[in-house]
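Let me begin by presenting the structure, written as structure tokens, before commenting on it.
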Amino acid sequence: MLLLLVLAIAALLALLDYVKKLHRFPSIPTARPNHPVIGNALLFRGTDLQEKFERFNRVFRVDRLVKGWLGPMMYVGVAHPDLIQRVLTDPNCLQKPFYYEFFSIRNGLLTAKYDVWKPSRKVLNRTFNTRFLNDSIRAFRKCSQVMVDRMKCCPEGVPVDVLPYTMQCTLEMICATSMGLDVLEKADNKQFVDSMEVFLRNVATRIFHPLSYIDVIYQRTHNYSQLERARHFCLDYAKQTIDKRRAALKNQSISTKEDHEFRRKIIIDQVLEMDGDEELNDQNLRDQIMTFVAAGSDTVGHGVAHACLFLAIFPDLQEKLATEIATVLPLEEVDITPETLKNLTFLDKFFKETMRVAPPAPMIARSNMEEIELDGFRFPPDTIFIMNFYELHRRADIWGPHADRFDPENFSEERSQGRHPFGYLPFSGGSRNCIGLRYAMINAKIMLIYIVRNFRLSTHLRFEDVKFLMGITLHLAFKHSIVLERRN
């Protein structure tokens with residue numbers, strides 16, 4: 001009897017708190033459809049991820065701020081670039097909301113709570129230095145060459161899905177430069193790659209199914225079992241790699257260590273060689289490696305596949321890029337260096353436009369550790385702010401009346417002048433932006449150089465046909481179906 005009374009009181013208090021929250025900020029528009037108790041949960045109804053994505057995007061198209069509900073939890077959609085800048089640059093808005101914990105990678109830069117993220121980011125900023133990026137180009141070139149060799153085995157004149165090729169290439173690049181794994185030559189590493197793919201897919205499934213937020217429900221699903229098996233395999237694999245690299249470094253002679261300073265360093269080696277208090281512990285380092293591989297391979301792999309599709313849709317732009325590559329890099333033997341990449345100005349504009357139209361991470365969330373004011377509204381700590389970069393990149397007040405078209409000249413010097421600094425955020429913004437943004441740009445450009453140099457791309461698809469799915473990262477609603485024709 002006493003237990004029932006306690007439960008009844010707890011339920012009543014929860015209801016009163018919900019009603020109080022429900023009437024907070026009455027002048028901020030509420031996302032539709034909105035219903036008692038469930039709030040806006042119907043935005044995520046059904047299994048059609050394309051329709052879910054469209055419903056979600058509509059929420060961000062009119063108002064500067066919009067509030068939404070998932071049961072008793074209030075979310076605030078932040079749509080205007082002024083307000084996005086305010087959130088992303090406020091030192092009190094560097095926290096990640098609760099559902100980032102679904103990744104179960106507590107120390108990773110992408111998912112960690114603020115007090116874990118800050119010291120880890122400080123250490124890891126040193127690893128993504130200019131020398132590391134420049135020295136990684138050799139691995140990027142090797143992986144890109146293997147990718148096009150695989151693509152040359154495809155029958156000519158028959159549409160091919162290029163995504164598996166770009167995904168495998170980016171995974172190999174990241175494994176080589178972060179863990180020292182030569183996936184190109186060791187078939188045993190395939191299980192790590194496959195497990196990572198299962199892990200990401202199942203986390204996304206949970207995030208966009210609010211009922212699975214309840215642990216006792218989710219832990220009884222098949223998705224949970226799959227996710228845990230994949231996660232444990234990847235973490236154990238990363239730990240074994242760390243142990244091997246640590247042993248190898250300890251066995252090096254002094255002269256070898258001195259020579260090593262002039263050779264390419266993988267991320268693990270750089271962190272393990274740091275002194276005392278600056279060194280990340282094994283669990284932290286393991287989580288960082290997991291984060292690099294998961295986030296980097298998926299975003300860049302899909303980004304390059306999107307770029308290939310847009311090249312096939314717009315043959316005039318493709319030939320313009322092919323001409324630029326042939327001019328700057330006239331022979332395959334010519335080294336690709338940071339300097340030559342800077343000279344490929346149209347490649348830079350083309351890939352930036354690809355990321356505008358198809359941002360790798362279409363939406364992110366933050367929560368505030370202290371009260372924050374936006375448009376005169378004072379939001380209490382632990383408010384969840386959602387930012388939709390997919391819609392941000394289509395605002396007519398930033399990108400002009402033809403924002404829905406694909407146009408690399410959006411990134412010409414003339415058009416870029418005066419543009420809002422937070423109107424283009426393919427890698428987020430502020431101090432908690434993507435640590436690997438320069439790394440991603442370099443390896444994506446090198447992959448595209450090798451693809452365009454070796455193939456002429458075509459497709460039956462039109463730009464108007466391109467649709468995307470609801471997800472953590474932006475995925476095409478159908479296969480990247482492209483015909484590959486060998487160039488002479």
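Numbering (the UniProt record's numbering), first residue to last: 1 to 488.
Using N, Cα and C, we set each Cβ at its ideal position, and we do this for glycine too.
Note that this is a predicted model, so its numbers are computed, not measured.
In this structure, histidine 393 and valine 357 form a Cβ contact; the two beta carbons are roughly 7 Å apart against a cut-off of 8 Å.
Annotated as distal: isoleucine 336 and tyrosine 75, with beta-carbon spacing of 9 Å or more. For asparagine 281, the secondary structure class from DSSP, reduced to helix, strand or coil, is coil. In the structure shown, the three-state DSSP call for glycine 77 is strand.
Secondary structure of lysine 67 (DSSP, three-state): strand.
Here isoleucine 207 is buried. Its C-beta has 16 or more other C-beta atoms within 10 Å.
Between the alpha carbons of isoleucine 325 and alanine 176 lies a distance of about 26 Å.
Note: alanine 365 is bridge-paired with Ile386 in the DSSP secondary-structure output. Counting only runs of 4 or more residues that sit fully inside the segment 87 to 152, the alpha helix (DSSP H) segments are 114 to 125, 130 to 135 and 137 to 151, in chain order. Around the C-beta of glutamine 219, fewer than 16 other C-beta atoms lie within 10 Å, and the residue is accordingly described as exposed. Only exposed fits glycine 418, as fewer than 16 other CB atoms lie within 10 angstroms of its CB.
The residues Gly39, Ala41 and Pro210, in chain order, have a CB closer than 6 Å to that of leucine 70 in the same chain once the five nearest residues on each side in sequence are set aside. For leucine 484, no alpha helix (DSSP H) run applies; the uninterrupted beta strand (DSSP E) run containing it begins and ends at 481 to 486, by DSSP. Counting along the chain, arginine 415 sits inside the alpha helix (DSSP H) bounded by residues 413 to 416. Secondary structure note for phenylalanine 53: its alpha helix (DSSP H) is the uninterrupted segment 49 to 58. Residue range 372 to 374 is occupied by the beta strand (DSSP E) that includes glutamate 373.
Taking 9 Å as the cut-off, the Cβ atoms of valine 293 and leucine 124 do not count as close. In the DSSP annotation of this structure, the continuous segment of the beta strand (DSSP E) that includes serine 458 starts and ends at 455 to 458. For phenylalanine 351, the enclosing alpha helix (DSSP H) starts and ends at 345 to 357. When secondary structure is reduced to three states using DSSP, valine 160 falls in the strand class.
Inclusion of phenylalanine 427 and lysine 349 in the CB contact set at 9 Å is not warranted, their separation being larger than that value. In the three-state reduction of the DSSP assignment, glycine 400 falls in the coil class, being assigned neither a helical nor a strand state. DSSP places valine 216 inside the alpha helix (DSSP H), whose first and last residues are 215 to 218. As DSSP reads the structure, histidine 35 sits in a beta bridge with Gly39. Leucine 374 is positioned such that its CB atom lies closer than 9 Å to that of valine 78. Inter-residue distance for aspartate 382 and tyrosine 424 is about 26 Å (C-alpha atoms, whole angstroms). Across the set Gly376, Thr340 and Asn433, the C-alpha of Asn433 shows the shortest separation from the C-alpha of isoleucine 364. Comparing C-alpha distances from aspartate 82 to each of His460, Ile446, Gln145 and Asp397 shows the shortest one belongs to Asp397.
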